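Student:
Numbering (this note's numbering), first residue to last: 36 to 226.
1. Anyone know if the C-beta pair for residue 210 and residue 142 falls short of 7 Å?
2. Return the CA-CA distance between residue 166 and residue 182, expressed in angstroms with no decimal places.
3. Is the separation between the beta-carbon of residue 130 and that of residue 193 shorter than 7 Å?
4. Alpha carbon to alpha carbon, how far is residue 188 from residue 94? Give it in angstroms, no decimals.
5. What residue ranges within the stretch 105-182 form continuous alpha helix (DSSP H) runs of no fewer than 4 residues, ordered along the chain?
6. The alpha helix (DSSP H) that contains residue 72, what's its start and end?
7. Rounded to a whole number of angstroms, what is the C-alpha to C-alpha distance between residue 145 and residue 139?
8. Rank 148, 197, 151, 205 by C-alpha distance to the C-alpha of residue 91 and give the top, closest one.
9. Excluding the five sequence neighbours on either side, which residues of its own chain have a C-beta within less than 8 Å of the C-beta of residue 191, listed in chain order?
10. Could one say the Cβ of residue 122 lies closer than 7 Å to chain C's Cβ atoms, at least one of them?
11. May I ask you to list the residues that DSSP assigns as paired with residue 210?
12. If you draw a straight line from the C-alpha of residue 223 to the C-alpha of residue 54, how long is it?
13. Quick one: using the 10 Å Cβ neighbour count with 16 as the cut-off for buried, is residue 73 buried or exposed?
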């Protein structure tokens, strides 16, 4: 059996459960962007020297297959994967754990201060695109598990923090504002 089935040559693809839809369908766009996110995280992980961030990233990548499967499943599919509140809470716990590190939330950062953190910034923006695509899908009237949006929203925050951990450990100062470049603070999270 070959992966080159030719079933997609006409611009259609199969959802979980067998239904055929356009490759431009909003559902396909949503789970496709989660696949892109997984790939971006895979690259970031492949160059990440921080063992803890590396391992967390791999766990998240495994979970993203579940997220993609849930998005690829029509609402009537009773066997669709489920994203639970516990999955979201796990990410929230990691966010709080990293936020507790002294100096992590001092400012926005300029992407590119370190190769590893830059790779996580690419993954973060890919995560935000996936989130927007899931919102678009839900707003089109398709039933979407609300926890998927919560998961992706929390994940983008966490990925941003992964970049800050990497920069902090590498001694990189990528803060947006310096003594020479002052400006408003855009979030209550930063002191």
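Idealized CB from N, CA, C, for every residue including glycine. This one's a predicted model, so the numbers in the text were calculated from it and none came from an experiment.
Tutor: According to the structure shown:
1. Against a cut-off of 7 Å, the Cβ pair of residue 142 and residue 210 comes out as a contact.
2. Distance between the alpha carbons of residue 166 and residue 182 is about 12 Å.
3. Yes.
4. Their backbone Cα atoms lie some 17 Å apart in a straight line.
5. Counting only runs of 4 or more, we get 120-134, 150-174.
6. Residues 61-82.
7. Here the alpha carbon of residue 145 sits roughly 14 Å from the alpha carbon of residue 139.
8. For residue 91, the nearest C-alpha among the options comes from 197.
9. Around residue 191: 159, 162, 163, 166.
10. The structure shown has no chain C; it contains just one protein chain.
11. DSSP lists 144 as partners of residue 210.
12. Confidence in residue 223 is poor, its pLDDT being 49 and thus under 50, which makes the residue's placement too unreliable to answer from.
13. Result: buried.
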